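Participant: Heads up: the sequence shown begins at 1 in full-length UniProt numbering, then just goes up one per residue. I'd like to ask some things about the structure below.
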Amino acid sequence: MKRCKAGLMGALAVCAIALTACDAIPGMGGNDTGESHVGDAVSTLWFDYVVNSAEPMDTYEGYTAAEGNKLVVVDLTMKNTFDESVPMFDTDFQLYWGEYGDDEWALPLEVYCEAQFPADYYLSINETREGVLVYEVPSDIRDFTLAFLEVKDNGTEEGEEGDLYLTYFTAA
1 MKRCKAGLMG ALAVCAIALT ACDAIPGMGG NDTGESHVGD AVSTLWFDYV VNSAEPMDTY
61 EGYTAAEGNK LVVVDLTMKN TFDESVPMFD TDFQLYWGEY GDDEWALPLE VYCEAQFPAD
121 YYLSINETRE GVLVYEVPSD IRDFTLAFLE VKDNGTEEGE EGDLYLTYFT AA
């Protein structure tokens, strides 16, 4: 397959981001960085996606954020544009804020409701899928960056980093 699990790559992305300056997250390994906002269509190597909305909430579908935190619910639509089914993971999209420090990012909460994307699944050829990713973040944060890093299967455990896609939004 053309991808490997993004969990390991997420750790690499965090390390690379933690070492950057603060303005924008630069492309990794000399690859391109695509930037977008809510409602913009984004085309990756394997699929197109749109962040339809990103809303702050105290409670979503029975889950309540811990004191001092809030939930950010990201509604996302994806369409496979590749010639094979694409393995996907809920950790493919990570949320960043602030100076992109070690403690300034979050993975989606574990799946607890039907509206959420599954922990792992296949996006079939030409399939369109809509769902939500729910993140728990500090309540005083307003501005966020949703990041997706392409990771290509090159025969190694780490894979090969491709392009980085960033969607900026405010959830206050």
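For every residue, glycine included, the Cβ atom is placed at its ideal position computed from N, Cα and C. Since the model is a prediction, treat every value here as computed from it, not as a measurement.
Go through the stretch 75 to 158 residue by residue and report every complete run of the beta strand (DSSP E) that reaches 3 residues or more, in order.
Facilitator: As far as the stretch 75 to 158 is concerned, its whole beta strand (DSSP E) runs of at least 3 residues are 86 to 89, 93 to 96, 120 to 123, 128 to 138, 143 to 152.
Participant: Is D75 near S53, with beta carbons less than 9 Å apart?
Facilitator: Yes. Within cutoff.
Participant: For I125, count neighbouring C-beta atoms within 10 Å of its own C-beta (all shown protein chains included) and say buried if the count is 16 or more, exposed if not.
Facilitator: So I125 counts as exposed.
Participant: My output table needs one value for N69: the three-state DSSP class, helix, strand or coil.
Facilitator: N69 falls in the strand class under three-state DSSP.
Participant: What residue range does the beta strand (DSSP E) around D163 cover?
Facilitator: 160 to 170 is the extent of the beta strand (DSSP E) around D163.
Participant: Could you round the C-beta distance between W46 and T81 to whole angstroms and report it? I think they count as a contact, below 8 Å.
Facilitator: Correct: roughly 7 Å between the Cβ atoms.
Participant: For L146, is the classification buried or exposed, using 16 other Cβ atoms within 10 angstroms of its Cβ as the cut-off for buried?
Facilitator: By the neighbour-count rule (16 or more Cβ atoms within 10 Å), L146 is buried.
Participant: Kindly say whether V72, judged by its beta-carbon, lies nearer than 9 Å to any beta-carbon of chain B.
Facilitator: The structure shown contains no chain B; it is built from a single protein chain.
Participant: Roughly how far, in whole angstroms, is the beta-carbon of V38 from the beta-carbon of F144, given that I think they are within contact range, below 8 Å?
Facilitator: Contact doesn't hold; Cβ gap of about 10 Å is too wide.
Participant: Excluding the 5 residues preceding and the 5 following A172 in the sequence, name in chain order all residues of the same chain whose CB lies nearer than 7 Å to its CB.
Facilitator: Answer for A172: P56, R142, listed in chain order.
Participant: According to DSSP, V51 sits in a beta bridge with which residue or residues?
Facilitator: According to DSSP, which records beta bridges pairwise, V51 is partnered with L76.
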